[in-house]
Amino acid sequence: MKPIRIVQERAGDEYYNLLKEVLDTGWFYSGDDCCVGAVVYDEDWLMRQDLNKHLDKVWFVSFYAGDLKRVLELIPFDLKYIAFRRDFGKIKVYEMQRFKKLLGGM
């Protein structure tokens, strides 16, 4: 199954809202290797998510499916932090360089 179809199935009724937000304010990629939608957010957004993180800017990966290493290779520019919401649950924030190392020394 193509990665974009996996994202659609996981997101269900929220798929088009998520896609609209990403297309309006963020970055989107879909190919045979992965599908990803991400937006750059600031500290105010993190606080509204009840994360109590005092960080500058963060890539928030709103959705992805497929090869996570490829997702990180494709992101247009690095920020110090990256955040994910696995299967649309709790948001986790990571230091970008540390996360890349965890994935195999990117």
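Just add 1334 to the spot in the sequence shown (first one is 1) and you have the working numbering. For each residue, glycine too, the CB sits at the ideal point set by N, CA and C. None of these values were measured; they are calculated from a predicted model.
So, using beta-carbon positions, are V1341 and A1399 closer together than 7 Å?
yes
Specify the secondary structure class of K1426 as computed by DSSP and reduced to three states.
strand
Looking at the secondary structure, which residues open and close the beta strand (DSSP E) in which R1419 lies?
Per DSSP, the unbroken beta strand (DSSP E) holding R1419 starts and ends at 1415 to 1419.
Check the Cβ-Cβ distances between L1402 and every residue of chain C, and say whether any is below 7 Å.
Protein chain content of the structure displayed is limited to a single chain, and chain C is not contained in it.
If you measure between the beta carbons of F1397 and G1371, is that distance less than 7 Å?
Yes, they are a contact pair.
By a C-beta neighbour count over all protein chains shown, 10 Å radius and 16 as the cutoff for buried, is G1360 buried or exposed?
buried
Could you please give me the residues that DSSP links to G1400 through a beta bridge?
C1368
Nearest candidate by alpha-carbon position, reference K1434, set I1409, V1427, A1417, K1403
Looking at I1409, V1427, A1417, K1403, the one whose alpha-carbon comes closest to that of K1434 is K1403.
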